[in-house]
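One structure is given here, and the rest of the page talks about it.
Residue numbers (our numbering), protein chains in the order written: chain A, 11 to 376; chain B, 11 to 376; chain C, 11 to 376; chain D, 11 to 376.
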């Protein structure tokens with residue numbers, strides 16, 4: 011099978027590098043186009059990232075010798091499409107929000123689908139925020155998006171913030187099993203890689219915790235409601251529940267966001283055993299389709315008293331699963347648990363790749 | 011003024027060492043008696059703690075050459091009392107809970123007041139759990155305790171768990187200002203020194219977080235209710251409110267427990283500004299009495315977006331204050347904030363010393 | 011092909027666990043026997059290591075349900091041999107040195123080859139200390155060892171201390187290329203896992219470095235001389251050179267020992283370029299035999315200014331390579347470089363497995 | 011006594027902040043002038059450093075409300091001199107090297123003495139690089155510097171790089187005792203604060219060590235030779251010995267540089283006991299003059315096997331001492347030891363203040 015040629019916008023940053031590392035041996039996709047800021051343009055990818063390459067293995071299949079393009083020059087991408095080197099792009103752009111929004115739209119308008127990690131288009135009314143196991147049906151908006159925008163082949167689909175991935179799928183599994191969830195109070199302990207590179211200065215976090223991440227609490231509270239929402243008249247309608255209140259903290263951990271969750275059900279309340287059973291047996295469309303990047307078990311249950319832990323659990327199941335543990339009653343709400351997911355894999359590049367796989371099986375990318 | 015001679019039970023452990031460091035230049039108390047496990051007994055304090063002394067300064071005034079006694083031999087302490095070398099003891103015993111309870115009672119029965127950090131006697135009905143700024147009046151139970159036990163000069167007073175100190179005083183300040191607090195959901199990020207020494211293995215916490223500390227959530231949920239409670243018929247009656255639900259985590263921080271708190275008021279709800287004003291202006295009996303170990307401001311308010319932080323705020327005001335920040339509304343309950351206190355000073359030895367100072371001014375120790 | 015059944019002595023410790031993780035999918039060996047201290051005996055391996063299992067993946071092929079044996083009861087191992095469940099053992103015993111020595115000899119005397127990580131037998135005159143790429147010919151002593159001890163099938167072969175693995179192979183490559191090395195001054199920055207589990211208390215190393223590891227400097231200075239030595243009259247004769255002086259430090263790194271090396275050649279001095287060429291092209295017997303655990307490149311050269319680094323380079327080439335960088339002249343000796351190797355893989359279990367593979371190809375184990 | 015008004019150039023950076031923290035209660039000096047980059051100019055010091063103030067205590071005596079000046083506008087400093095608000099400046103400028111050199115000369119030419127931490131003028135022929143305990147007599151060049159430059163009151167005096175402070179004073183003490191030192195091989199493990207702020211990204215150092223710091227090895231090898239040198243014809247003449255070879259590493263420690271030193275004496279070799287005695291009894295001019303910032307003991311000897319350690323020893327004696335330990339023979343050179351000093355206090359702001367105190371007693375600043 012010939013692989014689909016893909017491009018990475020923001021290819022030199024932390025998430026861009028993660029895309030390249032994860033796609034090095036992907037069965038369907040092959041990185042043939044890398045774009046970044048103008049100051050990197052014209053140089054070999056290897057030279058631009060030398061000294062700040064974050065992985066053990068060096069680059070991927072030939073990516074090291076690709077010449078970095080200027081991400082602002084969409085025409086260069088169009089030329090790549092014409093010569094068969096580009097079918098769609100993953101966006102890991104690290105620019106000012108409005109600039110990202112405009113640029114992603116320019117790619118889509120040029121007929122190039124954009125699978126994005128950026129936050130810029132998450133609240134665009136006709137752009138789906140996809141977690142492949144939770145709301146794969148939200149991809150159904152893409153034809154409407156194309157139509158209303160006047161786009162032919164291009165479209166924009168995004169993924170949510172990394173901070174919510176450790177508890178959104180578990181919550182969804184409970185909703186899907188028929189239990190309404192009214193309220194969620196969550197405290198996250200988030201990894202350093204979530205801030206990109208250079209990101210958090212080491213003097214801020216050695217022997218320390220920083221109880222604040224700009225904008226993160228708002229995203230954590232609002233994004234799940236769009237993901238749990240529905241499509242109505244060609245735009246997304248947020249779910250009303252659960253109400254979420256978040257405390258977001260930065261801790262001295264390289265990768266892996268941990269969340270302490272307190273959760274209140276509606277009138278129907280499952281037992282702790284039932285919650286465990288729902289989570290342990292949860293699978294969804296990506297598992298049915300056996301997508302290459304899909305974890306075998308989207309939710310992994312740990313029974314030990316002291317798990318999940320970021321260093322020990324983040325890499326489980328291709329670093330794509332949410333690991334949950336400490337499932338116990340709450341003396342104020344109904345249920346308490348701890349969730350964990352790998353923020354630069356499941357929460358960023360891996361999640362983006364899984365979305366692309368899903369959209370390919372649905373025929374939106376080719 | 012002649013200083014009061016004091017003893018430390020469990021003098022060689024992390025908290026015992028903290029007592030000795032803090033008392034090195036205390037204006038009222040002087041360490042003249044150190045006791046620990048039988049295997050340390052008979053050796054000079056300096057030799058027992060060499061290679062595991064945790065402070066920059068070496069020991070205190072002559073403590074280094076004191077001969078360590080066997081803490082189980084209460085008769086040795088009685089002899090010290092007779093020769094004028096001991097008036098009361100601080101207990102930082104690290105033994106099995108029942109053994110601590112019995113041993114502390116034996117000291118009290120021998121006429122030696124026990125100011126304890128141990129958890130063993132926290133739920134003993136007639137033993138006060140004191141935070142000097144919150145419930146100094148609980149010391150009033152001591153005459154009743156002495157009477158019912160048949161103790162003459164001895165008594166037992168304890169301090170609560172270190173995990174609750176960053177939010178209990180702030181909550182109390184609000185209650186004292188007339189606001190009932192119904193419910194509290196709190197997630198703590200606790201320092202390594204809270205586990206004593208050797209305590210947490212380094213392999214557990216480098217690049218990691220452990221979302222579990224045995225017994226800590228129960229203590230966090232229950233101890234404030236005794237502290238906020240009242241004395242009735244010679245025993246303590248727990249307060250009914252607030253209901254507390256806790257998630258306790260261990261993070262790679264040496265000292266300083268951080269807590270993310272979500273709090274629901276009763277029908278009367280103060281504004282955010284009023285909360286800040288209540289906290290900034292809070293003082294209590296230790297401040298009025300100008301006790302040597304009392305912080306000038308028991309609650310310190312930080313307005314920066316990203317404070318309090320353990321490494322930067324734990325040492326404020328002799329490491330005896332609770333620093334609060336990120337005071338903001340909660341979209342589920344009413345108020346969210348972050349609290350921080352130094353767990354081995356305010357939360358252990360410093361809190362014990364402040365209790366002793368309080369009990370001295372009340373005439374219970376001499 | 012039927013796999014050779016192997017046992018692990020000290021199976022529940024950090025290195026024992028590493029053996030089990032690495033052997034989970036080994037093409038030649040299969041763990042069928044696990045032994046540890048008497049207090050673990052009689053329980054399922056899974057239950058003994060629950061809550062202190064250090065790897066992401068849980069156990070290996072069925073090892074989780076093996077019943078742990080008492081390592082002191084050699085007769086149990088003999089029974090396992092008889093029923094075809096044991097062919098040889100990896101020793102990762104964490105007991106007092108003399109006890110390990112005696113116990114390893116008892117296994118060997120019982121006809122069970124012992125491939126050991128323990129230090130107990132490193133200075134036994136007729137026991138080879140093997141680095142498979144450096145002194146594979148030292149295995150030739152095994153027939154002599156068997157003969158003089160009166161052992162039939164059993165023998166003891168050990169591997170050196172983890173601290174020397176990042177520079178011993180590079181030094182050997184230079185010696186093999188014809189350059190005498192006179193003197194080496196080395197400073198190591200060693201990972202926490204080198205101390206086992208629970209090992210180093212977290213309070214010792216957060217925001218800290220400990221410039222001392224008991225016994226490590228002596229091992230670092232002396233073991234290479236046995237490895238570079240020769241067999242004479244059935245016992246080992248140490249090499250005279252290089253003289254080594256070591257400073258060993260503990261740093262807050264989970265895995266991966268780093269060494270800063272200053273090295274003085276004899277009269278023949280290679281150029282920096284020649285050194286690089288020797289290292290980049292070095293291979294040895296394990297590579298020729300294509301042993302399963304052998305790294306493709308025993309020495310990996312990094313040209314970046316700031317490599318090798320433990321977190322980024324320790325896992326290269328199955329975590330079995332030594333990565334070297336910062337190769338530059340020395341203004342006192344001749345050459346300076348930085349070496350790095352993974353201490354619990356190359357420096358412990360992985361090195362042991364590679365030795366076993368080598369000894370199998372030589373016919374010593376079957 | 012009226013305090014001497016001083017200014018800080020580069021007042022908002024990490025070292026600038028350290029100056030302000032250390033001078034908060036200084037008996038001789040008072041910060042009355044703060045200057046930084048143009049973008050900070052015109053704002054209150056408090057506002058510029060809010061959110062990036064690195065100390066527990068907030069600012070110093072009134073410094074928080076000083077308006078930050080543009081460091082490039084020397085005329086502003088001259089005006090401050092005229093109105094009695096400035097007598098001399100501490101330079102902690104973080105600009106390009108040539109720019110610093112020129113700017114410091116402009117201040118000196120304007121009659122304002124410059125006590126600098128910057129490296130720009132360290133190799134200027136007539137500028138002394140002072141360690142107050144080692145080469146206080148190098149201040150004698152100041153009249154010659156003034157004369158040849160045509161400066162009236164102004165002059166430039168600098169301090170050396172922070173990396174050398176843990177071993178240069180101990181080495182000097184041995185030289186002063188009559189022992190020639192031929193060769194030194196040193197490996198440093200340097201703290202993060204040495205790189206300023208934001209400095210080292212956290213992702214570079216969590217669970218990691220970086221074996222490279224740009225330019226640091228050259229400074230470590232060369233600066234001691236100027237410090238140990240002499241004045242000849244109005245310029246400095248380097249000492250010929252010791253030859254130094256350095257490996258410089260960055261480790262995850264906030265403050266405190268540690269050095270592992272191997273040292274070769276000339277023909278006269280002191281015993282280990284004599285070395286200890288020389289170090290323990292070493293004092294110099296700052297101690298004789300009882301300068302406010304001078305440590306009581308410039309060299310502190312620790313006899314424990316595992317000291318010095320950065321977190322435990324960096325703050326000893328006002329964080330101004332070099333702590334040495336692990337003093338033992340070397341099997342290649344003659345002596346091995348570990349040295350430690352606080353890099354932002356002794357190695358930066360504290361060292362600068364001590365130099366200023368020395369220069370005041372010598373009459374160069376008033």
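For each residue, glycine too, the CB sits at the ideal point set by N, CA and C.
This one's a predicted model, so the numbers in the text were calculated from it and none came from an experiment.
Item checked: Beta carbon proximity, residue 315 of chain D to chain C, threshold 8 Å -> Chain C, which has a Cβ nearer than 8 Å to the Cβ of residue 315 of chain D, makes this yes.
Check: Of the residues D/320, D/362, D/310, D/84, which one's Cα is nearest the Cα of residue 337 of chain D?
Finding: Here the closest residue by C-alpha is D/310.
Next item on the list: Determine, using beta-carbon pairs with one atom in the region 169-181 of chain B and one in the region 220-238 of chain B, whether at least three such pairs fall under 8 Å.
Entry: Under the Cβ criterion (8 Å, minimum of three pairs), the region 169-181 of chain B counts as touching the region 220-238 of chain B.
Item checked: As assigned by DSSP and simplified to three states, the class of residue 258 of chain A -> Of the three classes helix, strand and coil, the one that applies to residue 258 of chain A here is strand, per DSSP.
Item checked: residue 54 of chain B to residue 357 of chain B span [Cα, whole Å] -> Residue 54 of chain B and residue 357 of chain B have their C-alpha atoms spaced approximately 28 Å apart.
Next item on the list: Check the Cβ of residue 326 of chain D against every Cβ in chain E and list those closer than 7 Å, keeping chain order.
Entry: Note that chain E does not occur in the displayed structure, where the protein chains are A, B, C and D.
Next item on the list: Using a cut-off of 8 Å between C-beta atoms, extract the partners of residue 272 of chain B located in chain A.
Entry: Chain A residues near residue 272 of chain B: 195, 255, 257.
Checklist line | Residues that residue 79 of chain A bridges to, as DSSP identifies them | finding: For residue 79 of chain A, the beta-bridge partners assigned by DSSP are A/45.
Next item on the list: Out of C/315, C/260, C/74, C/291, point me to the one whose CA is closest to residue 308 of chain C's CA.
Entry: Nearest option by C-alpha distance: C/291.
Checklist line | Partner residues on chain A for residue 212 of chain D, Cβ-Cβ distance less than 8 Å | finding: Result: 202, 209, 210, 211, 212, 214, 215, 216, 262.
Item checked: For residue 126 of chain B: DSSP bridge partner residues -> Partner(s): B/101, B/168.
Checklist line | Span separating the alpha-carbon of residue 88 of chain C from that of residue 164 of chain C | finding: Rounded to the nearest whole angstrom, the C-alpha separation of residue 88 of chain C and residue 164 of chain C is 12 Å.
Item checked: Cβ neighbours of residue 86 of chain A in the same chain (closer than 8 Å, five flanking residues each side left out) -> Hits under 8 Å: 45, 79, 80.
Note to self: On the DSSP bridge list, what partners appear for residue 246 of chain D?
What the structure shows: Residue 246 of chain D pairs with D/241.
Margin query: According to DSSP, is residue 337 of chain D part of a helix, a strand, or is it coil?
Written below: Note: residue 337 of chain D maps to strand in three-state DSSP.
Margin query: According to DSSP, residue 200 of chain C sits in a beta bridge with which residue or residues?
Written below: DSSP output for residue 200 of chain C lists C/260 as bridge partner(s).
Notebook entry, point to check: Count the other CB atoms within 10 Å of the CB of residue 226 of chain B; is the residue buried (16 or more) or exposed (fewer)?
Noted result: Around the C-beta of residue 226 of chain B, 16 or more other C-beta atoms lie within 10 Å, and the residue is accordingly described as buried.
Check: Can you list, in chain order, the residues of its chain whose CB lies under 6 Å from that of residue 317 of chain A, leaving out five sequence neighbours each side?
Finding: So the list reads 335, once near-sequence residues are dropped.
Margin query: Let's see if you can read the secondary structure: which residues bound the alpha helix (DSSP H) around residue 185 of chain C?
Written below: 175-186 is the span of the alpha helix (DSSP H), which, as asked, contains residue 185 of chain C.
Next item on the list: Say whether chain A places a C-beta atom closer than 8 Å to the C-beta of residue 322 of chain C.
Entry: Chain A, which has a Cβ nearer than 8 Å to the Cβ of residue 322 of chain C, makes this yes.
Margin query: In the DSSP output, what is residue 39 of chain D paired with across the bridge?
Written below: BP columns for residue 39 of chain D point to D/14.
Item checked: Local conformation of residue 326 of chain A per DSSP, three classes -> In the structure shown, residue 326 of chain A sits in a helix (DSSP, three-state: H, G or I).
Next item on the list: Output, in sequence order along the chain, the residues in the region 225-253 of chain A whose CB is closer than 8 Å to any CB in chain B.
Entry: With the criterion set as a beta carbon lying under 8 Å from some beta carbon of chain B, the members of the region 225-253 of chain A are 231, 253, in sequence order.
Next item on the list: Return the residue from the list C/324, C/75, C/117, C/98 that minimises the CA-CA distance to residue 82 of chain C.
Entry: Here the closest residue by C-alpha is C/117.
Margin query: I want to see whether chain B comes within less than 8 Å of residue 61 of chain D, judged by CB atoms only; does it?
Written below: For residue 61 of chain D, the nearest CB of chain B lies under 8 Å from its own CB, placing it at the interface with that chain.
Check: If you drop the 5 nearest sequence neighbours on each side, which residues of the same chain put their C-beta closer than 7 Å to that of residue 136 of chain D?
Finding: The residues are 151, 154, 155, 158, 244, 245.
Notebook entry, point to check: Where residue 342 of chain D and residue 61 of chain B are concerned, what is the direct C-alpha to C-alpha distance, given to the nearest angstrom?
Noted result: A straight line joining the alpha-carbon of residue 342 of chain D with that of residue 61 of chain B spans about 28 Å.
Next item on the list: For chain D, find out if any of its Cβ atoms is closer than 8 Å to the Cβ of residue 177 of chain C; answer yes or no.
Entry: False, the Cβ-Cβ gap to chain D never drops below 8 Å.
Margin query: Determine whether the beta carbon atoms of residue 280 of chain D and residue 189 of chain D lie at a separation below 8 Å.
Written below: In this structure, residue 280 of chain D places its C-beta atom within 8 Å of the C-beta atom of residue 189 of chain D.
Check: Between D/274, D/128, D/113, D/57, which lies nearest to residue 122 of chain D when the distance is taken from Cα to Cα?
Finding: Residue D/113 is the option with its Cα nearest to residue 122 of chain D.
Item checked: Euclidean distance between Cα positions of residue 180 of chain A and residue 17 of chain D -> Whole-angstrom Cα-Cα distance: 58 Å.
Next item on the list: Could you check how far apart the C-beta atoms of residue 19 of chain B and residue 75 of chain B are, in whole angstroms? I think they sit under 8 Å.
Entry: No, residue 19 of chain B and residue 75 of chain B are not in contact; Cβ-Cβ is about 19 Å, not under 8 Å.
Notebook entry, point to check: Per DSSP, what kind of secondary structure is residue 54 of chain D in: helix, strand or coil?
Noted result: Here residue 54 of chain D sits in strand by DSSP.
Notebook entry, point to check: Which of the three DSSP states, helix, strand or coil, is assigned to residue 278 of chain C?
Noted result: Annotated three-state conformation of residue 278 of chain C is coil, per DSSP.
Item checked: chain B residues whose Cβ lies nearer than 9 Å to that of residue 221 of chain A -> Ordered by position in chain B, the residues that pass the 9 Å Cβ test against residue 221 of chain A are 199, 268, 270, 316, 317, 318, 319, 335, 336, 348, 350.
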